[in-house]
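Residue numbers (the numbering used here): 1204 to 1488.
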Amino acid sequence: MENETVKKQAFENPEPFNLDILASALNPGLFGKNIIFRETIGSTNVFLKRLAQEGASEGTVVIADEQSAGLGRLGRKWFSKKGESLLFSVLLRPQLPPRKLFVLTMIFALAGIDAVQDISGLNTMVKWPNDIYIGEKKLGGILTEFSVVQGVVQHLVLGMGLNVNWNPEMEKTLLYPASSIFAESQEKVSREEILVNLLKRLEVSYYEVGRDMERTEGFYEKWNEKSLILGKTVVIETGKERIEGEAAGIDRDGALTLITAGGDRRKFLCGDVSVKMNLSEQRNF
Ligand code: BTN
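The following block contains the structure:
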């Protein structure tokens, strides 16, 4: 009963975002120089892409308490309630060819799951291509967008939405099972602490990638270890086709390899994956 009261209070009284905590913890690092907070915004990704085109410096971070037009992958909408989620985007200007950019989404997702583990103790996984899952429920999602001119990457915006104190029971319109850190741990966690932890990790990994792209083996190994679907029979829907097979691996370009029942190896760069349980049951997690 006591737990239920705490839970209800956390859901009903989100704390205002404390920008000072962030600024003092991240300064003078890469992500501490230009932190922008908006109580309400359309989409942090859209806002930051515009700043990037206007010349904003690498490391700029945009955070919002609420998004009125949050974007998900594949043109979907991303719903959130004011003050209950971590909604943010970061700007990078990597000196990498476009085909090597996937490693940055990868280190962003790994920074996310490690930060959640550090702050809440929860063990989360990555569902290809870049969702954060706890068990069979979605805890967060990543939207990576970049601009390339004549083969050269101009900017890369990594956006993440993480359900922190959000109450999944209140949402009747979700397409998939979802959860939040608070719903899983029964503990209120600080959005600022998670973000500081995540951005510090991202900075370290980003410099590691920048120093030597050839030595990113550790990230790929961890990425595969933390993958929710590897070794499982899955169905992938690409918009054009629907294919079933065993998820055999994710390569350095982020492509998922499926081995079909006929033994063919097929590679996919994007799509929606669901895990096949048996002939009659399929879970869209
Ligand atoms: C997905 O799972 O489809 C990706 C969701 C990404 C949502 C985040 S919230 C912060 C940033 N701004 C956006 O408009 N989208 C991303």
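Cβ coordinates follow ideal geometry from the N, Cα and C atoms, glycine included.
| Query | Result |
| --- | --- |
| Whole-angstrom distance between residue 1318 and residue 1398, CA atom to CA atom | 8 Å |
| Cβ-Cβ distance between residue 1268 and residue 1220 below 8 Å | yes |
| Segment contact flag, the segment 1307-1321 with the segment 1329-1336, C-beta cutoff 8 Å, min 3 pairs | yes |
| Nearest to residue 1363 (by Cα), restricted to the options 1432, 1448, 1240 and 1281 | 1281 |
| Exposure label - residue 1251; buried when at least 16 CB within 10 Å | buried |
| Residue 1316 CB to nearest heavy atom of ligand 1 below 7 Å | no |
| Given residue 1351 as reference, the closest of 1345, 1475, 1300 and 1391 once Cα atoms are compared | 1300 |
| Beta-carbon spacing of residue 1412, residue 1277 below 8 Å | no |
| Collapsed DSSP secondary structure at residue 1392 in the structure displayed | coil |
| CB of residue 1395 within 8 Å of CB of residue 1225, strictly | yes |
| Helix, strand or coil at residue 1485 [DSSP, three-state] | Because the pLDDT of residue 1485 is 41, which lies under 50, any placement of that residue in the model is unreliable, and the number read from its coordinates should be weighed accordingly. Note: residue 1485 maps to strand in three-state DSSP. |
| Own chain residues within Cβ distance below 6 Å of residue 1441, not counting five before or after | 1474 |
| Cβ contact (3+ pairs, closer than 8 Å) linking the segment 1433-1452 and the segment 1463-1473 | yes |
| Beta-carbon contacts of residue 1265 that lie in its chain and below 6 Å, excluding the five residues immediately before and after | 1239, 1247, 1250, 1251 and 1292 |
| Close-in-space but distant-in-sequence residues of the same chain around residue 1191 (CB under 8 Å, 5 per side omitted) | Residue 1191 is absent from the model: the chain starts at 1204 and stops at 1488. |
| Given residue 1490 as reference, the closest of 1434, 1231, 1241 and 1430 once Cα atoms are compared | In the structure as shown, the chain starts at 1204 and stops at 1488, and residue 1490 therefore has no counterpart that could be examined. |
| Neighbourhood of residue 1244 by C-beta distance below 7 Å, restricted to the same chain and skipping five residues each side | 1250, 1267 and 1270 |
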